[in-house]
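K.L.:
Just so we're aligned: the sequence shown equals residues 24 to 546 in our numbering.
Here a beta-carbon is modelled for each residue, glycine too, at the ideal position from N, C-alpha and C.
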Amino acid sequence: MNRKLPIGIQSFEKLREEGFLYVDKTKYVYQLVHNNVPYFLSRPRRFGKSLLLSTLQAYWEGRKELFQGLEIENLENGNQDAWKSYPVFLFDFNGANYKQEGALEEVLNSQLRRWEKQYGSDNGGLTLGERFQNLVMKTAGETESRVVVLVDEYDKPLMDVIENPGLQEHNREVFRGFFSSLKSLDPYIQFLFITGVSKFHKVSIFSDLNQLNDISLNELFSGMCGITEGEMKQFLLPEVQALAKRRSMTENECLKVLREQYDGYHFHMDGEGVYNPYSLLKALYEKSFGSYWFETGTPEFLVRKLKEGSFDLRKLTNQTLYADESTLKDYTGDSLDPLPLLYQTGYLTLETYDEKRRRFTLTFPNEEVKYGFLGSLMPAFLPKATAGNGLDIFTLDDHLENGRIDEVMHVLTALFASIPYTKETDPFEHYFQSVIYLVFTLLGKFAICEMHTFNGRIDCKVETGNYVYLFEFKRDETADSALAQIDEKEYTLPFVADHRKLFKVGVSFDSKKRIVSGWKVAE
């Protein structure tokens, strides 16, 4: 009988009562609740933040029966104060469409009404913030207990309207009015935990709550959201073995592909790496190595931000993306630097840390994110590179696999001709370089493809089972000069004893006409 995998399950109660498999994270719950300072945690979407808050809610409500057999049951053994029930206010900002004016106020009003009815609190003529303050004080007084406040995805009302500055500022003001009372309510609050994807620096939820303990880059909690390799082997090994059997692989081969496809997230340089839990569970459920994280849509805002900001896409894979800790933690919303948002939303992760310079190097965490994200950039840079018109990556790969170099060049010529005209402030060279990078990096999903951007190395090398292609691109020079450089620099030497057929391809690009002006091939 197949076990029930908790794909998309965000309720701890439902997960436990209906027999879903649970990767035990309750040791982290124990650590959090026994050091009950106000916390903030930033993690990408679909990393289990909502399930974590639901677990915390169940703990603070004293739902001991839900934790039977879990690690926290042993950790709390002998603790006389464990499993006491507290009033819990869980603010959930998922689900609503915040692009409509007044949506944030309606969500807050709806949640407050429910609790006011439950605890008999009066809301007549008061602001949302005053109603919340009254509710907390009245509930604490009547129950003779402090309250627990949990805030799930607080930043969604801000992220949803990131391209509408007026509405975003309005929602910030609503937050300022609503959550500013939390600091004064500290004597009535037992535990406070706030989650989000991004930490908006200018939102008063943080400037007023300066006592918040941001654990987003804390080593102790680096494995709290996501699934570590050890947890996968401990809790999900039967599903891994079933996947390996279905794909006719050994267990080790299957683990290797899972690691390359879904692992690689680091939220502290010395902490454990974690798998994207949604993608991993979907792969085990579907018994296929698919691209699941992008099922809910592509990052349209980020795509536009990278394109319009003339961001050098080559930096995404050549280890030259740097950021310090404060940059990664905070995001102002109007910053021209896309790195904090790329990291916080899960498209980049920590790769190395230079302790002397106190800076991180960022990179793609895994193959799923790398090819999924770059694929989502293609329509922005190359609108005509769509399936069915012969200008897509699959067609280009098919030509390369079969040695049809003339067809390869016809596709590349058409792709470059489709590059859109841009404003004078956006240099066209940015598009030229970006198209080359996108096309050949995406081809790397199917062939061995290397891009080099420094002097003395071939611009691009593509290897298939039967062919090797060496490309040299020249801007405003002849194709002959590009071909001559391949010979002068002896780029073919590593392939002298190679049995595969080798093509040397010199390509000339005219920056004024914005076209491939010529190309020459030598075998």
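Using a Cβ-Cβ cutoff of less than 6 Å, which residues in the same chain neighbour VAL46 once the five nearest sequence positions on both sides are dropped?
P.N.:
By one-based count along the sequence shown, residue 46 stands at place 23. Counting only Cβ-Cβ distances below 6 Å, and skipping sequence neighbours, we find ILE250, GLU254, PHE258.
K.L.:
Are the CB atoms of LYS497 and ALA507 nearer to each other than 7 Å?
P.N.:
Along the sequence shown, read from residue 1 onward, the residue named residue 497 stands at position 474. Along the sequence shown, read from residue 1 onward, the residue named residue 507 stands at position 484. Not a contact, by the Cβ cut-off of 7 Å.
K.L.:
Is PHE201 helix, strand or coil when you go by DSSP?
P.N.:
On the sequence shown, position 178 is the one that residue 201 refers to. Note: PHE201 maps to helix in three-state DSSP.
K.L.:
Can you look up ILE217 in the DSSP assignment and give me helix, strand or coil?
P.N.:
One-based indexing of the sequence shown puts residue 217 at position 194. The answer is strand: DSSP assigns ILE217 an E or B state.
K.L.:
Going along the chain, which unbroken runs of the alpha helix (DSSP H) with 4 or more residues stay wholly within the segment 94-145?
P.N.:
Taking only runs of at least 4 residues, the alpha helix (DSSP H) segments lying wholly in the segment 94-145 are 94-98, 126-142.
K.L.:
In terms of residues, what are the limits of the alpha helix (DSSP H) holding TRP83?
P.N.:
As a position in the sequence shown, residue 83 is number 60, starting the count at 1. Counting along the chain, the alpha helix (DSSP H) containing TRP83 begins and ends at 72-83.
K.L.:
Would you please state the rounded distance, in angstroms, between the beta carbons of LYS305 and TYR315? I believe it to be under 8 Å.
P.N.:
Here residue 305 refers to the residue found at position 282 of the sequence shown. Here residue 315 refers to the residue found at position 292 of the sequence shown. Their Cβ separation, rounded to whole angstroms, is 4 Å, which keeps LYS305 and TYR315 in contact under 8 Å.
K.L.:
If we ignore side chains and look at the alpha-carbon of each, how far apart do THR49 and THR350 end up?
P.N.:
Taking the sequence shown and counting its residues from 1, one reaches residue 49 at position 26. Taking the sequence shown and counting its residues from 1, one reaches residue 350 at position 327. The alpha-carbon atoms of THR49 and THR350 are separated by roughly 30 Å.
K.L.:
Could you pull out every residue in the same chain whose Cβ sits closer than 6 Å to the Cβ of GLY71, ignoring the five residues on either side in sequence?
P.N.:
Residue numbering aside, residue 71 sits at position 48 when the sequence shown is read from its first letter. Cβ within range, chain order: CYS248, PRO300.
K.L.:
Quick one: complete beta strand (DSSP E) runs, 3+ long, within the segment 343-412?
P.N.:
List check, beta strand (DSSP E) in window: 372-377, 382-386.
K.L.:
What number of angstroms, rounded off, separates the C-alpha of LEU414 from the C-alpha of MET401?
P.N.:
Start at 1 with the first residue of the sequence shown, and residue 414 comes out as number 391. Start at 1 with the first residue of the sequence shown, and residue 401 comes out as number 378. Distance between the alpha carbons of LEU414 and MET401: 11 Å.
K.L.:
Hey, is the segment 361-381 in contact with the segment 53-72, meaning 3+ C-beta pairs nearer than 8 Å?
P.N.:
Output reads yes: the segment 53-72 touches the segment 361-381.
K.L.:
Opposite LYS497 in the DSSP bridges: which residues?
P.N.:
As a position in the sequence shown, residue 497 is number 474, starting the count at 1. In the DSSP output, where bridge partners are listed per residue, LYS497 has SER531.
K.L.:
Going along the chain, which residues of its own chain have a beta-carbon closer than 7 Å to the beta-carbon of ARG169, five neighbours each way excluded?
P.N.:
Within the sequence shown, residue 169 is the residue found at index 146, counting from 1. These residues qualify, in order along the chain: TYR109, ALA163, TYR211, ILE212, GLN213.
K.L.:
Ignore the nearest five residues each way along the sequence and tell me which others in THR501's own chain have a CB closer than 6 Å to its CB.
P.N.:
To locate residue 501, count along the sequence shown from 1; it is residue 478. Here the set comprises SER531.
K.L.:
Please look up how many angstroms separate the CB atoms of ASN236 and GLU176, rounded, as I've assumed it's under 8 Å.
P.N.:
Reading the sequence shown from its first residue, position 213 is the one you call residue 236. Reading the sequence shown from its first residue, position 153 is the one you call residue 176. Rounded, the Cβ-Cβ distance is 19 Å, inconsistent with contact.
K.L.:
Assuming LYS484 is part of the beta strand (DSSP E), what are its boundary residues?
P.N.:
As a first step, residue 484 is located in the sequence shown; it is residue number 461 there, counting from the start. That run of the beta strand (DSSP E) goes 483-486.
K.L.:
Identify the continuous alpha helix (DSSP H) that holds PHE63 and give its terminal residues.
P.N.:
In the sequence shown, counting from the first residue as 1, residue 63 sits at position 40. Not the alpha helix (DSSP H): PHE63 falls in the beta strand (DSSP E), residues 62-65.
K.L.:
For HIS193, which residues from the same chain have a beta carbon less than 6 Å from its beta carbon, with the 5 sequence-adjacent residues on both sides left out?
P.N.:
Locating residue 193 in the sequence shown gives position 170, where the first residue counts as 1. Excluding residues within five positions, none has a Cβ falling inside 6 Å.
K.L.:
Can you tell me where the beta strand (DSSP E) holding GLY541 begins and where it ends?
P.N.:
Against the sequence shown, residue 541 aligns to sequence position 518. Looking at the DSSP string, the run of the beta strand (DSSP E) that includes GLY541 is 538-545.
K.L.:
Just verifying my parser: in three-state terms, what is the DSSP assignment at VAL519?
P.N.:
Within the sequence shown, residue 519 is the residue found at index 496, counting from 1. Reduced to three states, the DSSP call for VAL519 is coil.
K.L.:
In angstroms, rounded to a whole number, what distance separates the CA positions of GLU390 and GLN80?
P.N.:
In the sequence shown, counting from the first residue as 1, residue 390 sits at position 367. In the sequence shown, counting from the first residue as 1, residue 80 sits at position 57. So the two alpha carbons sit approximately 35 Å from each other.
K.L.:
Excluding the 5 residues preceding and the 5 following LEU344 in the sequence, name in chain order all residues of the same chain whose CB lies nearer than 6 Å to its CB.
P.N.:
For the purposes of this step, residue 344 is identified with residue 321 of the sequence shown, where counting begins at 1. Excluding residues within five positions, the ones whose Cβ falls inside 6 Å are LYS338, LEU385.
K.L.:
Any idea if GLN284 is buried or exposed, counting beta-carbon neighbours within 10 angstroms, 16 or more meaning buried?
P.N.:
Here residue 284 corresponds to residue number 261 of the sequence shown, with the count starting at 1. So GLN284 counts as buried.
K.L.:
Among LYS352, ARG480, HIS522, SER540, whose alpha-carbon lies nearest the alpha-carbon of GLU511?
P.N.:
Residue mapping note: residue 511 aligns to position 488 of the sequence shown, counting from 1. Among LYS352, ARG480, HIS522, SER540, the Cα nearest to that of GLU511 belongs to ARG480.
K.L.:
Output the boundary residues of the beta strand (DSSP E) element that contains VAL263.
P.N.:
Stepping through the sequence shown from its first residue, residue 263 is reached at position 240. Element bounds for VAL263: not the beta strand (DSSP E) but the alpha helix (DSSP H), 260-269.
K.L.:
Check whether the Cβ atoms of SER245 and GLY287 lie closer than 7 Å to each other.
P.N.:
What you label residue 245 is simply residue 222 of the sequence shown in a count that begins at 1. What you label residue 287 is simply residue 264 of the sequence shown in a count that begins at 1. Not in contact: SER245 and GLY287 (Cβ atoms no closer than 7 Å).
K.L.:
Output yes or no for whether 7 Å exceeds the beta carbon distance between ASP183 and TYR121.
P.N.:
Numbered from its first residue, the sequence shown carries residue 183 at position 160. Numbered from its first residue, the sequence shown carries residue 121 at position 98. Yes, they are a contact pair.
K.L.:
What does the Cβ neighbour count give for ASP420, buried or exposed, with the cut at 16 atoms within 10 Å?
P.N.:
As a first step, residue 420 is located in the sequence shown; it is residue number 397 there, counting from the start. Buried, by the Cβ-count rule.
K.L.:
Mind checking whether ILE238 and LEU64 have CB atoms under 7 Å apart?
P.N.:
For the purposes of this step, residue 238 is taken as residue 215 along the sequence shown, with counting starting at 1. For the purposes of this step, residue 64 is taken as residue 41 along the sequence shown, with counting starting at 1. In this structure, LEU64 lies closer than 7 Å to ILE238 by Cβ.
K.L.:
Could you give the DSSP three-state label for TYR490: helix, strand or coil?
P.N.:
Counted from its first residue, the sequence shown places residue 490 at position 467. Looking at TYR490 - three-state DSSP - the assignment turns out to be strand.
K.L.:
Is SER540 buried or exposed, if buried means 16 or more other CB atoms sit within 10 Å of its CB?
P.N.:
Taking the sequence shown and counting its residues from 1, one reaches residue 540 at position 517. By the neighbour-count rule (16 or more Cβ atoms within 10 Å), SER540 is buried.
K.L.:
I need the boundaries of the alpha helix (DSSP H) containing ASP510, first residue and last residue.
P.N.:
The residue given as residue 510 occupies position 487 in the sequence shown. Taken as a continuous stretch (DSSP letters only), the alpha helix (DSSP H) holding ASP510 covers 502-511.
K.L.:
Look up VAL184 in the DSSP assignment and say whether it is helix, strand or coil.
P.N.:
In the sequence shown, the residue the question calls residue 184 occupies position 161. Three-state DSSP puts VAL184 in coil, outside helix and strand.
K.L.:
Use the C-beta contact count for ALA520: other C-beta atoms within 10 angstroms, 16 or more gives buried, fewer gives exposed.
P.N.:
In the sequence shown, the residue the question calls residue 520 occupies position 497. Exposed, by the Cβ-count rule.
K.L.:
Just to confirm, are SER204 and GLY152 a CB contact at a threshold of 7 Å?
P.N.:
For the purposes of this step, residue 204 is taken as the residue at position 181 of the sequence shown. For the purposes of this step, residue 152 is taken as the residue at position 129 of the sequence shown. Contact: yes.
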